[in-house]
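Novice:
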Ligand code: GCU
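Numbering (the working numbering), first residue to last: 56 to 468.
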């Protein structure tokens, strides 16, 4: 499609939104009816592309996992190319406040500078660490939308221990966790269609001005950015970088899974309502579909993914395989009953099917194909899950379950 026409379509329909049903007109041909879900067979996790059964952890790690990651790279999210000139990564703590939240924590505002002969950009990274805890602390790293305006402490008594954006940092500090956030829009626009200003331009060889069909889209750029956040954490003595839980909601839940699948430095991953291109299975075509996604957000994935619109059965992967690539590191999936756009059932089934690999690697997983009851979290399993009533957001109930899951899996010796 002509890029200008596409750009106009996106301006009209692709504004940042929640997954709630605000897009009434937009989702009128979407299936939410379980009885109309097509019949499908998932690609097998434990058979290699040449038909070899995968029966040992070694065969998983050396053969099948690399195969699957490569397929996700070139067909779904897009591969990060070798940059034409090496990208220098450097860190600058631009502000340090040891009295954050009335002295409960220290806040560092870090700039991650990225530069090479093609240009220079900086990504904002926030790091909070509790003052009382023994250092270095485990921490959560949140893939965050660009809300730098709202990450101040809310000193009003109605919201003790929270930031203005709702993040319950007081609870994290009380449990001995640090909390970090990476601001992806410093690297790539929410619904980027040009790829001329952000991180992509640093990677172009002479003559290139747009990602190739198999090269990184928006979500892949977000994942790359979180890994640069991890590069910084490896240098911060207040943080135990071997115990970092990566998390994100919705679009950022998708980016979270792709980050954790590739970057094994992350010890645990939490996908909050990540839906289509996150935890939900493509083949169910329930709620948001590949077609819907690439119509509104054409470059969240790579252009190769467009080829599978209405041909999901031809995909050599489905999203349970993405979760499996995180194994044996614990993964937690969160859904809610009214978040039908994200296909809660498909999110659960991905986690359930990925459990097969966790078990092969000596871990534990979800035992039943049946979605658990509302507010019956599965925590004592390397693949965790909860569903609650309500819609598309992270509520206090969810935050506390994420912390419970991390308490069990990140704090054990
Ligand atoms: C849109 C999009 C979803 C995405 C969501 C969000 O609704 O269709 O895939 O998860 O935005 O990020 O809130």
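Idealized CB from N, CA, C, for every residue including glycine.
With H, G and I counted as helix, E and B as strand and the rest as coil, what does DSSP make of residue 200?
Specialist: Within the chain shown, the letter at position 145 stands for residue 200. Coil.
Novice: So does residue 330 have its beta carbon nearer than 6 Å to some heavy atom of the ligand GCU?
Specialist: Taking the chain shown and counting its residues from 1, the one referred to as residue 330 is at position 275. Residue 330: yes, Cβ under 6 Å from the ligand GCU.
Novice: Taking a contact to mean a Cβ-Cβ separation below 7 Å, would you say residue 233 touches residue 192 in this structure?
Specialist: As a first step, residue 233 must be located in the chain shown, where it is residue number 178. As a first step, residue 192 must be located in the chain shown, where it is residue number 137. Yes. Within cutoff.
Novice: Grab me the residues of residue 176's own chain with a C-beta within less than 6 Å of its C-beta, minus the 5 sequence neighbours each way, in chain order.
Specialist: Here residue 176 is taken as the residue at index 121 of the chain shown, counted from 1. Once the five neighbours on either side are set aside, the close Cβ partners of residue 176 are 169.
Novice: Kindly give me the distance between the Cβ atoms of residue 410 and residue 438, rounded to whole angstroms, as I take these residues to be in contact under 8 Å.
Specialist: Here the question's residue 410 lines up with position 355 in the chain shown. Here the question's residue 438 lines up with position 383 in the chain shown. Indeed, because the Cβ distance is near 5 Å, the residues count as touching under 8 Å.
Novice: Check residue 380 in the structure and name its three-state DSSP category.
Specialist: Residue 380 sits at position 325 when you count from the first residue of the chain shown. DSSP places residue 380 in coil when its eight states are reduced to three.
Novice: Looking only at C-alpha atoms, which of 413, 419, 444 sits nearest to residue 431?
Specialist: Within the chain shown, numbered from 1, the residue matching residue 431 stands at position 376. It is 444 whose Cα lies nearest to the Cα of residue 431.
Novice: Taking 6 Å as the cut-off, does the CB of residue 305 come closer than this to any heavy atom belonging to the ligand GCU?
Specialist: Residue numbering aside, residue 305 sits at position 250 when the chain shown is read from its first letter. Checking every heavy atom of the ligand GCU against the Cβ of residue 305, one is found closer than 6 Å.
Novice: Flag this pair as yes or no: are the beta carbons of residue 142 and residue 165 separated by less than 7 Å?
Specialist: Here residue 142 refers to the residue found at position 87 of the chain shown. Here residue 165 refers to the residue found at position 110 of the chain shown. No.
Novice: Classify residue 153: buried if its beta carbon has 16 or more other beta carbons within 10 angstroms, exposed otherwise.
Specialist: Numbered from 1 along the chain shown, position 98 holds the residue referred to as residue 153. Flag for residue 153 reads exposed.
Novice: Name the one or two DSSP bridge partners that residue 99 has.
Specialist: The residue given as residue 99 occupies position 44 in the chain shown. Answer is none; residue 99 lacks a bridge partner.
Novice: Would the beta-carbon of residue 362 fall within 7 Å of that of residue 333?
Specialist: Here residue 362 is taken as the residue at index 307 of the chain shown, counted from 1. Here residue 333 is taken as the residue at index 278 of the chain shown, counted from 1. Result no, Cβ atoms of residue 362 and residue 333 do not sit closer than 7 Å.
Novice: How long is the line joining the alpha carbons of residue 135 and residue 218, rounded to whole angstroms?
Specialist: The sequence position of residue 135 within the chain shown is 80, counting from 1. The sequence position of residue 218 within the chain shown is 163, counting from 1. Their Cα atoms are separated by approximately 34 Å.
Novice: Evaluate residue 90 with the Cβ neighbour count: other Cβ atoms within 10 Å of its Cβ, from every protein chain shown; 16 or more gives buried, anything less gives exposed.
Specialist: On the chain shown, position 35 is the one that residue 90 refers to. It is exposed - the Cβ of residue 90 has fewer than 16 other Cβ atoms within 10 Å.
Novice: Do the region 108-115 and the region 227-246 touch if we need at least three Cβ pairs shorter than 8 Å?
Specialist: The region 108-115 vs the region 227-246: no contact.
Novice: State the Cα-Cα distance for the pair residue 103 and residue 184, rounded to the nearest angstrom.
Specialist: If you number the chain shown from 1, residue 103 lands on position 48. If you number the chain shown from 1, residue 184 lands on position 129. Rounded to whole angstroms, residue 103 to residue 184 spans 43 Å at the Cα level.
Novice: How many whole angstroms separate the CB atoms of residue 324 and residue 386, which I take to be in contact at a CB cut-off of 8 Å?
Specialist: Residue 324 sits at position 269 when you count from the first residue of the chain shown. Residue 386 sits at position 331 when you count from the first residue of the chain shown. Confirmed, about 5 Å.
Novice: Note down the Cα distance separating residue 182 from residue 162, rounded to an integer number of angstroms.
Specialist: Your numbering for residue 182 matches position 127 in the chain shown. Your numbering for residue 162 matches position 107 in the chain shown. Going by the C-alpha atoms only, they are around 6 Å apart.
Novice: Regarding residue 393 and the ligand GCU, is the C-beta to nearest heavy atom distance less than 6 Å?
Specialist: Locating residue 393 in the chain shown gives position 338, where the first residue counts as 1. It does not: the Cβ of residue 393 is nowhere closer than 6 Å to a heavy atom of the ligand GCU.
Novice: Quickly, what does DSSP pair residue 325 with across the bridge? List them, please.
Specialist: As a working note, residue 325 is residue 270 in the chain shown. BP columns for residue 325 point to 302, 387.
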